[in-house]
Each structure stands twice: as structure tokens, then as C-alpha cells.
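Engineer: Respectively, the protein sequence lines represent chains A and B.
Here the first sequence is numbered in this note's numbering, starting from 6 and rising by one per residue.
Here the second sequence is numbered in this note's numbering, starting from 155 and rising by one per residue.
Beta carbons are placed, not taken as given, at the ideal position from N, Cα and C, and that holds for glycine.
Questions regarding the structure given below will be posed in turn.
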Amino acid sequence: MSEGISQPDQPQTLEGHKGDKDLFSKFDDIIAMRQGLLDSGVEDPFNLVMEKVLSPTRAICNGRETILLGTYNYMGMTFDPDVVEAGKQALADFGSGTTGSRVLNGTYQGHKDVEEALKDFYDMDHAMVFSTGYQANLGIISTIAGKGDYIVLDIDSHASIWDGCAMGNAEVVPFKHNDIEAMEKRLRRIPGDAGKLVILEGVYSMLGDVAPLKEMIAVAKKYGAMVLVDEAHSMGFIGENGRGVVESAGVIDDVDFIIGTFSKSVGTVGGFCVSNHPKFEIMRLVCRPYVFTASLPPSVVATACTSIRKLMHGSNKRAHLWENSKNLHKGLKDLGFQLGTEEPQSAIIAVIMPDLQQGAAMWEALIQNGLYVNLARPPATPANMTLLRCSLCAEHSEEEVGEILEIFEKSGKAVGII
Amino acid sequence: MDRAEVDAKIREIAEPFNKKGVTITEDTSFQNDLEFDSLTVMDFVAEIEDEFDIIISMNQQAEIEKYGQLVDAVTKMQAD
Ligand SMILES: Cc1ncc(COP(=O)(O)O)c(C=O)c1O
Numbered sequence: 006m007s008e009g010i011s012q013p014d015q016p017q018t019l020e021g022h023k024g025d026k027d028l029f030s031k032f033d034d035i036i037a038m039r040q041g042l043l044d045s046g047v048e049d050p051f052n053l054v055m056e057k058v059l060s061p062t063r064a065i066c067n068g069r070e071t072i073l074l075g076t077y078n079y080m081g082m083t084f085d086p087d088v089v090e091a092g093k094q095a096l097a098d099f100g101s102g103t104t105g106s107r108v109l110n111g112t113y114q115g116h117k118d119v120e121e122a123l124k125d126f127y128d129m130d131h132a133m134v135f136s137t138g139y140q141a142n143l144g145i146i147s148t149i150a151g152k153g154d155y156i157v158l159d160i161d162s163h164a165s166i167w168d169g170c171a172m173g174n175a176e177v178v179p180f181k182h183n184d185i186e187a188m189e190k191r192l193r194r195i196p197g198d199a200g201k202l203v204i205l206e207g208v209y210s211m212l213g214d215v216a217p218l219k220e221m222i223a224v225a226k227k228y229g230a231m232v233l234v235d236e237a238h239s240m241g242f243i244g245e246n247g248r249g250v251v252e253s254a255g256v257i258d259d260v261d262f263i264i265g266t267f268s269k270s271v272g273t274v275g276g277f278c279v280s281n282h283p284k285f286e287i288m289r290l291v292c293r294p295y296v297f298t299a300s301l302p303p304s305v306v307a308t309a310c311t312s313i314r315k316l317m318h319g320s321n322k323r324a325h326l327w328e329n330s331k332n333l334h335k336g337l338k339d340l341g342f343q344l345g346t347e348e349p350q351s352a353i354i355a356v357i358m359p360d361l362q363q364g365a366a367m368w369e370a371l372i373q374n375g376l377y378v379n380l381a382r383p384p385a386t387p388a389n390m391t392l393l394r395c396s397l398c399a400e401h402s403e404e405e406v407g408e409i410l411e412i413f414e415k416s417g418k419a420v421g422i423i
Numbered sequence: 155m156d157r158a159e160v161d162a163k164i165r166e167i168a169e170p171f172n173k174k175g176v177t178i179t180e181d182t183s184f185q186n187d188l189e190f191d192s193l194t195v196m197d198f199v200a201e202i203e204d205e206f207d208i209i210i211s212m213n214q215q216a217e218i219e220k221y222g223q224l225v226d227a228v229t230k231m232q233a234d
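What follows is the structure, given as C-alpha cells:
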């Protein structure tokens, strides 16, 4: 689950009303809900403009200097001098864009280089780069699991996973979030000769909780299923080499596909799939969201390549990010906030709000006090919770985390939540 | 199990999910009458699946709008 503002990750059919004026009538309820929130006078949480970005952790937002605590820029690579320099060089040498698909005129040396960097980073045989992480999930899932195949997936999966399932026309069987037994029951009932794909995420971005991958992948393998793990929120940070929860759980050799993104720890834009499957390269010809779109600009793949290679040696930054996560979690808990997980499990700390109204008020108090967090609201959230999602950065200093806690205390008291 | 037995069993399972005590007939709609949201649907479907040891994929769920259609589908699946 993730960025859905007014819709859940799992796609839904909106019903129009009788006597509809036009095709937009089905959005009337959403328009009214949004208007209701704005009429209550809060600053629009979904219309924030960053006028100036000062660093991975600071920006001028709506005219105020603001600490950024909701950008998924986990490793703070966006202003790394080597990364920025690589991008400038590629822009000068290769131009602003490729104007073509990867399979035609859109594969430059930089695309090959970033795929090599990914193979080295994950120590895997194959790497395929897509224009976004959304397209990586859409493409790989819809291509490998087709009509008659079964996909077993967590109910809290990201929108790109749901959309990939729908596009491929496979039988889709969801199970309760992180419930190993529910997953096993479903796998057991699938016809033995059917193709099976289990889809999991390392870190779930709503609550920042981690999946029990060791147990789940063992179950998937017992039933002969292939396994795809989306490690969007763990790359560069979790696991000894930053390969994700699959690495920290010791099961990286048992997964068939890892999906990732350049839009979080890597600090640019793009998506990828890495795999050891001997036939993996055929994906480049049969995967429509790979073929029928233009490839990433040369400057983007150059920044991604440099960033990924630097992340391989990021153990000090990883250690500092863990400290930040632990400090923020403990501090918020001590202040009396209700959090998404008992212990910090990732670089996401979700603060649970009593309801949408108070959540929106708290978000506004934080932004006015100079702190940006991510507001997540029903229906995009599990159990219809309203959450303030905080994502930490390795570039947040210890003092900054202290400052963040002060802003939370001041705002929480003003709104009456603590 | 015949259709009547399946019907009785599903009614029993539906009971705790029917928060407003709507009278369930063959034509009762899960979305409009019972107002099930996606999480409720998942829990409800999981209980039926466990009871009858079947799978009702989301693709199959998409075809089922009304209570009677669910009883028909489950009756058929558990007989196969
Ligand atoms: C779990 C998960 N998968 C995939 C994506 C898509 O990544 P991208 O931003 O590269 O499209 C995201 C991010 O939004 C995500 O949270």
C-alpha cells in the first residue's frame, strides 16, 4: 500500500448514479469528500509545493523552511556530489532523452551500466531496468502470470502489484496481511498442476512493518510456487549489503524475482527486476510495459548507476539510519503517540491518528511548525486508519531527530492528541 | 452438501458480518445492501473458503454480486 490519496491500492469499481450527466459523475462522492476537508479550513495536504530543495532533509515548502520526514529518500543520495556529477556528465555527453524504447533505439551504454551495477549489487545473473517501479511490477507480474495461472498475494500489496495482477488475467487469491497460515491454506487448495506465483513485499509502507519472509518463502516453495518480492522500501538499508529483507531473512537464494525502484533509496526515478532465472532475458521481448514505452533519460540512468555503486559501500550510513529510526520510534512512543509497530522494523515510522479530522489537523500543525510528513487516509489505509507516515533519511542528524520530536510534541499538544 | 445445506452454512458465517441485521434473501447485494468493504469481503470469503475447503479467486468474486449467486457458486465448487 502506499500513495493512494483518495483510493485504495486494490482497484475498485465506482458506480455512477442513475440519470448521470456524464462519465465524471462517478467521482462525485470523492469530489464532495475532498471539498469537505478543504472547507474545514485545513491547508491542503495534497497540494504542497516544494519551492526550493536545500538538501535531502530540508526544503522551502509553501514559503517555510521545512524538515522533510516523508520523502522515502532513505539514503539521502539526491544531492550526493558524485551522483549529481554523473548526471551532469551524461546530460552533456548523451543529451536530454533517448526518444525510444529499450528494444529499439533506447538502450544506451548507461542503461547497460546500470543493469551491471544492479547485478553486482544483488549478486544476481540478470537485471532489467524499467521506466518506473510501477511499470516493473506491472510488466513482470502481468507477463509471467497469465490466464489460468494463480497469484497468491498479501491483501496490503502496493497498487502496482494489483494492477499487474489485473492486467495479466491470472486468478488472484489474496490473503490476510502477513498471515502465514492463511497463505498456506490458499496455496494448498490451488490445483497442483496450475502455475503459481506468490507476491510479497519486504517492508509494507503503510505501517513500516516487515514480512516474515523466511517462513512465507519456505511455504511457497513447498507448494512449488515461484516467488516475487518487492523490496522498494528496503533497498540500500536492510540486510548486510542492503539487498533487502530477503537478505536479512537469509532467503535471497530462494526468491525468483526481486522488484525494486530507483525512486527511494537510489534517489532518482526508474524501476527494475533482478533474477537468476535462466530464461529471464526473454522478458525483454515479451514484457509490454518494457517494450512499449520510452527508456529512461541518460542522466537518470547515470545517476542511478553511481548511486547504486555507492550504496554497496553504505554500511556506515545504514547504521546511522537505524539509529535515527530507533531514536524517532522511542521518542514518539515516550511522547504518548500510538505507532504502527511495537518496535522499529524499517525506516518508516507510522503514527496512528484517532481519526481523519484530527489527522488532518495534526498534519497541518506539523507543516506550520516546519515538518513535512506523509498523510495517509482511508480508503488507502489498512483498517481505514489515518496515519502520519514518517520516513527517515540517513542524512537526518541526531539533532534533527531531536528537533522533529520537539515539533511533534508541540503540535500534538496543540491539537490535543497527546 | 446440497444447496439448502450450503445456504444454511453460509447464512451462519454471514451472521457476524451482517452488522445492521439486514434480512438476507437470494437478491441481497453484498456491496449495496450489506455494505461490505474490501476487508470485510476478504474475511468473509476466507471463512467460506476454510469451511468448504475451496478457493474463490477475486476473479470469481467479481462475478458474484448477490447472495443467491454466492450459494450457487459454492454449491458447485464444493461438489467438484
Ligand atoms: C511497494 C512499492 N512498489 C512499487 C512502487 C513503485 O515505485 P515507483 O515510484 O518507482 O513507480 C512503490 C512506490 O511508490 C512501492 O511503495
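(1) Beta carbon of A:Ala-365, beta carbon of A:Val-47: below 8 angstroms?
(2) Going by C-alpha distance, which of A:Glu-186, A:Val-291, A:Ser-270 is nearest A:Ile-313?
(3) Which chain B residues are close to A:Val-251, counting only those with a beta carbon under 9 angstroms from its beta carbon?
(4) Thinking B:Gln-215 and B:Val-225 are a contact (beta carbons under 8 angstroms), I'd like their distance in whole angstroms, please.
(5) For chain A, check one thing: does any of its Cβ atoms lie closer than 8 angstroms to the Cβ of B:Ile-208?
(6) Restricting to runs no shorter than 4 residues, where is the alpha helix (DSSP H) found entirely within the region 263-315 of chain A?
(7) Using a Cβ cut-off of 8 angstroms (strictly closer), state whether A:Ile-194 contacts chain B.
(8) In the structure shown, what three-state DSSP assignment does A:Glu-414 receive?
(9) Can you list, in chain order, the residues of its chain whose CB lies under 8 angstroms from that of A:Gln-343, leaving out five sequence neighbours each side?
(10) Check whether the Cβ of A:Pro-179 lies closer than 8 angstroms to any Cβ atom in chain B.
(11) When we look at the beta-carbon of B:Gly-175 and count the other beta-carbons within 10 Å, is it buried (16 or more) or exposed?
(12) Kindly indicate if chain A contains any beta-carbon less than 8 angstroms away from that of B:Met-212.
(13) At a Cβ threshold of 8 angstroms, is B:Met-196 touching chain A?
(14) Spell out whether any CB of chain A is found under 8 angstroms from the CB atom of B:Asp-204.
(15) How is A:Pro-50 classed by DSSP in three states: helix, strand or coil?
(16) Using the Cβ count rule (16 or more neighbours within 10 Å means buried), how would you classify B:Val-160?
(17) What do you get for A:Asn-183, buried or exposed, if any count of 16 or more other CB atoms within 10 angstroms of its CB means buried?
(18) Ligand 1: which residues have Cβ under 5 angstroms from any of its heavy atoms, chain order?
(19) How many whole angstroms separate the CB atoms of A:Glu-206 and A:Asp-130, which I take to be in contact at a CB cut-off of 8 angstroms?
(20) What residues in the region 187-221 of chain A have a beta carbon less than 7 angstroms from any beta carbon of chain B?
(21) Taking contact to mean 3 or more Cβ pairs, one atom from each stretch, closer than 8 angstroms, check whether the region 60-69 of chain A and the region 400-416 of chain A are in contact.
(22) Starting from A:His-131, follow its DSSP beta bridges and name the residues at the other end.
(23) Assign A:Val-134 to one of two classes, buried (16 or more other C-beta atoms within 10 Å of its C-beta) or exposed (fewer than that).
(24) Taking just the CA atoms, how far does A:Glu-400 sit from A:Met-367?
(25) Looking at A:Val-178 and ligand 3, is the gap between the Cβ and the nearest heavy atom below 7 angstroms?
(26) Where does the unbroken beta strand (DSSP E) through A:Arg-248 begin, and where does it stop?
(27) Taking the CB atoms as reference points, tell me whether A:Gly-375 and A:Glu-70 lie closer together than 8 angstroms.
(28) Counting only beta-carbon atoms, is B:Ala-233 nearer than 8 angstroms to chain A?
(29) Answer with yes or no whether the minimum CB distance from A:Ile-422 to chain B is below 8 angstroms.
(30) For A:Gly-105 versus A:Ser-147, is the C-beta spacing smaller than 8 angstroms?
(31) Please confirm whether A:Gln-15 has its beta-carbon closer than 8 angstroms to some beta-carbon of chain B.
(32) Under a CB-based cut-off of 8 angstroms, is B:Ser-183 close to chain A?
(33) Taking only beta carbons into account, state which residues of the region 370-397 of chain A come closer than 9 angstroms to chain B, listed in chain order.
(34) Kindly list the residues whose CB is nearer than 7 angstroms to the CB of A:Glu-286, restricted to its own chain and excluding five residues on each side of it in sequence; keep chain order.
(35) Is there contact here, the region 211-226 of chain A with the region 385-395 of chain A, by at least three beta-carbon pairs under 8 angstroms?
Structural biologist: Straight from the coordinates:
(1) Yes; because the gap between Cβ atoms is below 8 angstroms, this pair is in contact.
(2) That would be A:Ser-270, whose Cα lies nearest to the Cα of A:Ile-313.
(3) By Cβ distance, chain B contributes nothing, its closest Cβ being about 26 angstroms from A:Val-251, past 9 angstroms.
(4) Incorrect: roughly 14 angstroms between the Cβ atoms, too far for contact.
(5) At least one chain A Cβ lies under 8 angstroms of B:Ile-208.
(6) Fully enclosed alpha helix (DSSP H) runs of 4 or longer: 288-291, 293-296.
(7) With the sequence shown as reference, residue 194 of chain A is identified as Arg, and Ile is not the correct amino acid for it. Yes, A:Arg-194 counts as interfacial toward chain B.
(8) Here A:Glu-414 carries a helix assignment [DSSP, helix/strand/coil].
(9) Exclusion of the five residues before and after A:Gln-343 leaves Val-356, Ile-357 as the residues of its chain whose Cβ lies within less than 8 angstroms of its Cβ.
(10) For A:Pro-179, the answer is yes, since a Cβ of chain B falls inside 8 angstroms of its Cβ.
(11) By the neighbour-count rule (16 or more Cβ atoms within 10 Å), B:Gly-175 is not buried but exposed.
(12) Yes, B:Met-212 lies at the interface with chain A (some Cβ there is under 8 angstroms from its Cβ).
(13) Yes, because at least one Cβ of chain A sits closer than 8 angstroms to the Cβ of B:Met-196.
(14) B:Asp-204 counts as touching chain A.
(15) The answer is coil: DSSP assigns A:Pro-50 none of H, G, I, E or B.
(16) Classification of B:Val-160: buried, given that the 10 Å Cβ count is 16 or more.
(17) Classification for A:Asn-183: buried.
(18) Residue selection by CB proximity (closer than 5 angstroms to any heavy atom of ligand 1) returns A:Ser-7, A:Thr-137, A:Gly-138, A:Tyr-139, A:His-163, A:Ser-165, A:Ser-210, A:Asp-235, A:Ala-237, A:Thr-266, A:Ser-268, A:Gly-276 in chain order.
(19) Between A:Asp-130 and A:Glu-206 the Cβ distance is about 23 angstroms, and since that is not below 8 angstroms, they are no contact.
(20) Legend: CB atoms of the region 187-221 of chain A lying less than 7 angstroms from CB atoms of chain B belong to residues Ala-187, Lys-190, Arg-191, Arg-194, Ile-195.
(21) Touching, per the Cβ criterion.
(22) Per DSSP, the beta-bridge partners of A:His-131 are A:Ser-280.
(23) It counts as buried.
(24) C-alpha of A:Met-367 to C-alpha of A:Glu-400: approximately 25 angstroms in a straight line.
(25) Ligand 3 is not among the ligands present in this structure, which contains only ligand 1.
(26) Here A:Arg-248 belongs to no beta strand (DSSP E), and DSSP marks it neither H nor E.
(27) Cβ atoms of A:Gly-375 and A:Glu-70: closer than 8 angstroms.
(28) No - not a single Cβ of chain A is within 8 angstroms of the one on B:Ala-233.
(29) Chain B places no beta carbon closer than 8 angstroms to that of A:Ile-422, leaving this residue out of the contacts.
(30) In this structure, A:Gly-105 keeps its C-beta atom at 8 angstroms or more from the C-beta atom of A:Ser-147.
(31) It does: the Cβ of A:Gln-15 has a partner Cβ on chain B nearer than 8 angstroms.
(32) With 8 angstroms as the cut-off, B:Ser-183 does not count as an interface residue toward chain A.
(33) Cβ contacts with chain B: Pro-384, Pro-387, Ala-388, Asn-389.
(34) Its chain contains His-131 as the residues whose beta carbon lies nearer than 7 angstroms to that of A:Glu-286, once the 5 sequence neighbours on both sides are disregarded; these appear in chain order.
(35) Touching, yes.
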